[in-house]
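For the sequence shown, my numbering gives the first residue as 267, with consecutive numbering after it.
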Amino acid sequence: MYQMGSIQCNLKRSVVGQRIVVGLHLLAVLPILLSSVSVIFGMMLVAILVVHARYFLRHHIWLTGRHSVRGLRYYDKCWWLLIEEQWTVVRPVDEAIVLPWLMCFYFLVDNNSNKKLRKVPVILWTDSAENQSLHHLRLRLLLDACFI
267 MYQMGSIQCN
277 LKRSVVGQRI
287 VVGLHLLAVL
297 PILLSSVSVI
307 FGMMLVAILV
317 VHARYFLRHH
327 IWLTGRHSVR
337 GLRYYDKCWW
347 LLIEEQWTVV
357 RPVDEAIVLP
367 WLMCFYFLVD
377 NNSNKKLRKV
387 PVILWTDSAE
397 NQSLHHLRLR
407 LLLDACFI
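See below:
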């Protein structure tokens, strides 16, 4: 149900994001393999890149991590994130990248266990949600004063 001024994006696995992230990590491995660093040091660097790629893919592309954001909602002038199967009210941070093919922004989420706020990134590619929802979200981010 869409109400005037409300936006809801149910996020899904992004094939475009997966291709870009894997390609960038492969490009980062190439200079290591072609350089004259010791084999052990080179293998350690490659292992670090593989671990980082797996973490990034799990949490931001495949959305299978425990704290992955699986939904985004703007309703009644409040931002909500679907984390761990619960909708949580969040506060936006003044950092955002809004491009036609990528949107990246942060929210502050209340961490109930230790009373601290944690910064949660949201990365959306062109195929992360329905086109109409992404279009409305892109307009909201560009027009919203807190992201400018």
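Backbone N, C-alpha and C fix where the C-beta goes; we use that ideal spot for every residue, glycine too.
Cβ-Cβ separation, residue j to residue i (assumed contact under 8 angstroms), whole Å
i    : j    : result
V364 : L408 : 6 angstroms
L329 : R320 : Incorrect: roughly 14 angstroms between the Cβ atoms, too far for contact.
Contact check, residue i vs residue j, beta carbons under 7 angstroms
i    : j    : result
V359 : Y372 : yes
R406 : Y340 : yes
V288 : L315 : no
L338 : M369 : no
V317 : I298 : no
Closest residue to residue i among the options (Cα-Cα distance)
i    : options                   : result
N377 : L403, L400 and E350       : E350
K385 : V282, A362, L400 and L368 : A362
Identified DSSP bridge partners for residue i
i    : result
I327 : Its beta-bridge partners do not exist; DSSP assigns none.
G337 : N276 and L348
W391 : L368
N377 : K382
Original post:
How do the stretch 271–280 and the stretch 382–395 stand: do at least 3 beta-carbon pairs fall below 8 angstroms, yes or no?
Top reply: Yes: at least three Cβ pairs fall under 8 angstroms.
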